[in-house]
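Each residue of the sequence shown is one higher than the last, beginning at 43 in our numbering. Ideal Cβ placement from N, Cα and C applies to all residues, glycine included. Comments concern the structure below.
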Amino acid sequence: MLSKKTKYGLKALTYLASQKEKAPVQISEIAKCENISQKFLESILLSLRKSGFLGSKKGKGGGYYLIKDPKDILMTDVMRILEGPIAMVPCVSLNFYEKCTDCPDESTCSVNKLMLKVRDANLEVYRNNTLADLLI
Numbered sequence: 043m044l045s046k047k048t049k050y051g052l053k054a055l056t057y058l059a060s061q062k063e064k065a066p067v068q069i070s071e072i073a074k075c076e077n078i079s080q081k082f083l084e085s086i087l088l089s090l091r092k093s094g095f096l097g098s099k100k101g102k103g104g105g106y107y108l109i110k111d112p113k114d115i116l117m118t119d120v121m122r123i124l125e126g127p128i129a130m131v132p133c134v135s136l137n138f139y140e141k142c143t144d145c146p147d148e149s150t151c152s153v154n155k156l157m158l159k160v161r162d163a164n165l166e167v168y169r170n171n172t173l174a175d176l177l178i
């Protein structure tokens, strides 16, 4: 299940991407328009800023803004920043692989086989969608 952090992060990114003028937007505006707790949103936007998706400006006229064009923001990158590994189990993760302690042989593991298919299907969707694709 998608975490609230990821859901709210996607909503905030989409809100920023939908702005006609690319001026900084205050957290309070995003929180109000997207019905997100402002305190929770602050931590999400900070993660996105540290990851290079957003910039911020302090003071009057300050807020958050997209650094990249929405068409250059891949959902694979956003999901990994907000949600962590895309794979549901560590033994099929491309970037966070770990051998399962309860599995003697991955090549004969039924869970591994299924989770490889789930991972690949998710990656197909994420790799073929950008933030621009989420704009209505």
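Would you say residue i and residue j are within 8 Å of each other, going by their C-beta atoms?
| i | j | result |
| --- | --- | --- |
| Ala54 | Ile86 | yes |
| Tyr168 | Met121 | yes |
| Leu177 | Ala59 | yes |
| Ser70 | Gln80 | yes |
Work out the CA separation of residue j and residue i for me, nearest whole Å.
| i | j | result |
| --- | --- | --- |
| Cys151 | Ile123 | 29 Å |
| Gly97 | Glu166 | 28 Å |
| Lys155 | Lys46 | 28 Å |
| Phe82 | Pro146 | 41 Å |
| Asn164 | Cys142 | 21 Å |
Judging by CA-CA distance, which residue of the options is the nearest neighbour of residue i?
| i | options | result |
| --- | --- | --- |
| Asn171 | Asp144, Gly126, Met117 | Met117 |
| Gly105 | Val153, Asp114, Lys46, Arg91 | Arg91 |
| Glu76 | Lys99, Lys49, Leu165 | Lys49 |
| Val160 | Gly103, Ile72, Pro127, Leu108 | Pro127 |
| Pro112 | Ala174, Met43, Leu44 | Ala174 |
| Lys62 | Thr143, Met157, Leu108 | Leu108 |
By DSSP's criteria, residue i is part of a beta bridge. Which residues make up the other side?
| i | result |
| --- | --- |
| Thr172 | Leu116 |
Problem - Complete runs of the beta strand (DSSP E) confined to the stretch 64-131 [at least 3 residues] - result: 96-99, 105-108
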